[in-house]
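Beneath this line is the structure, given in structure tokens, with notes to follow.
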Amino acid sequence: MAKAGLILEGGGMRGSYTAGVLDAFLDLGIHSEDIIGVSAGAANAISYVSEQQGRNLTIYNTCINRKYLSAWNFLTTGSFFGMKYVFYEVTRNIIPFDYDTFKNSRKKLTIVATNVKDGKPFYKQLSDLNNDADMKYLCATAAIPMASTIVKVDGHQLMDGGASDSIPIEYSLSKGNTKNIIVLTRCAGFRHEKGKMNWFPYIRYPSHREFAYTIANRYQYYNKSIEIAEQQEREGNALIIRPSRPIIAGRMEKNPKKLSAQYQVGYDDTMAMRDKLLVFADGLENVDLRK
Numbered sequence: 001m002a003k004a005g006l007i008l009e010g011g012g013m014r015g016s017y018t019a020g021v022l023d024a025f026l027d028l029g030i031h032s033e034d035i036i037g038v039s040a041g042a043a044n045a046i047s048y049v050s051e052q053q054g055r056n057l058t059i060y061n062t063c064i065n066r067k068y069l070s071a072w073n074f075l076t077t078g079s080f081f082g083m084k085y086v087f088y089e090v091t092r093n094i095i096p097f098d099y100d101t102f103k104n105s106r107k108k109l110t111i112v113a114t115n116v117k118d119g120k121p122f123y124k125q126l127s128d129l130n131n132d133a134d135m136k137y138l139c140a141t142a143a144i145p146m147a148s149t150i151v152k153v154d155g156h157q158l159m160d161g162g163a164s165d166s167i168p169i170e171y172s173l174s175k176g177n178t179k180n181i182i183v184l185t186r187c188a189g190f191r192h193e194k195g196k197m198n199w200f201p202y203i204r205y206p207s208h209r210e211f212a213y214t215i216a217n218r219y220q221y222y223n224k225s226i227e228i229a230e231q232q233e234r235e236g237n238a239l240i241i242r243p244s245r246p247i248i249a250g251r252m253e254k255n256p257k258k259l260s261a262q263y264q265v266g267y268d269d270t271m272a273m274r275d276k277l278l279v280f281a282d283g284l285e286n287v288d289l290r291k
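Quick note on UniProt numbering: the sequence shown kicks off at 1 and runs consecutively.
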């Protein structure tokens, strides 16, 4: 039987779309055992692994405040996103996370980060978010370059995986996943263009020129991955889920109504693909369909 990967693109608060997709998966009984998450994709995935349906939506509705995302955070900590608040205070005290279910689940989450020393993708499978090192890896995949501080863990210096491998389809294929379900947070037809300030990463990271080069050329890596994903879909080896309506919540969105609305689009888009999803997933070795 073929194996499949569940690939989750990042995109900051655009990830509210992915949260809706994953809650629809739980309602449909689709449990993928090999999840590869980038940035917000990984952050949303932890509640999918712990099977806490609706947890991400509750966070978007109740926890988006100055501690979560603000210029004040950037001025005081060097990061627009309050990493300690998002990944520790919320997770442990405000919207409790089921650490035991995550640890014992057959679902395995691999985060994608970027190695600051060489600018190359860095992949790490998480096993226990009660382990502080694993939680730091989760922080690392969400540490947006320019807008966050470098995360140091186990001797590595890491930042957001979106800089080097936004849509890790090639990585999933290299793992032997001949089939893939890919959740994107951009509408069909989107392509990144070369940035007008692609010189700035070299100013921001003068001691890490390879990392700066990766950031400056992200548009090329992103567009190549989209082309591979779409080719895989044309060949019947991938299924892409992406917004059917224009994005209303951007990377730094703080309006709970917009985030909830985008979550609903993700949920509805997935339910609209119910039959296609179930047919695609049926018989895959590492996808459990609980009917």
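Yeah, the Cβ is synthetic: ideal placement off N, Cα and C, and Gly gets one too.
All values derive from a computational prediction rather than experimental measurement.
Counting C-beta atoms within 10 angstroms of its own C-beta, M1 has fewer than 16 neighbours from the protein chains shown and is therefore classed as exposed. Per DSSP, the continuous alpha helix (DSSP H) segment holding V21 begins and ends at 16-28. Boundaries of the beta strand (DSSP E) around N115: 108-115.
Sixteen is the threshold: since fewer than 16 other Cβ atoms of the shown chains lie within 10 Å of the Cβ of C187, the residue is exposed.
In this structure, G20 sits away from G189, with a CB-CB distance that is not shorter than 7 angstroms. For K136, the enclosing alpha helix (DSSP H) begins and ends at 132-141. With distances taken between CA atoms, R274 lies nearest to D27 out of Y17, E9, D27. The residues E210, F211, in chain order, have a CB closer than 8 angstroms to that of D118 in the same chain once the five nearest residues on each side in sequence are set aside.
Out of K179, S260, L69, P243, the CA that lies nearest to the CA of E285 is found in K179.
Annotated three-state conformation of N180 is strand, per DSSP. In this structure, the straight-line span from the alpha carbon of I64 to that of A133 is close to 25 angstroms. Note on the region 160-239: whole beta strand (DSSP E) runs with a minimum of 3 residues are 179-183, in chain order. Annotated as proximal: A142 and A43, with beta-carbon spacing under 7 angstroms.
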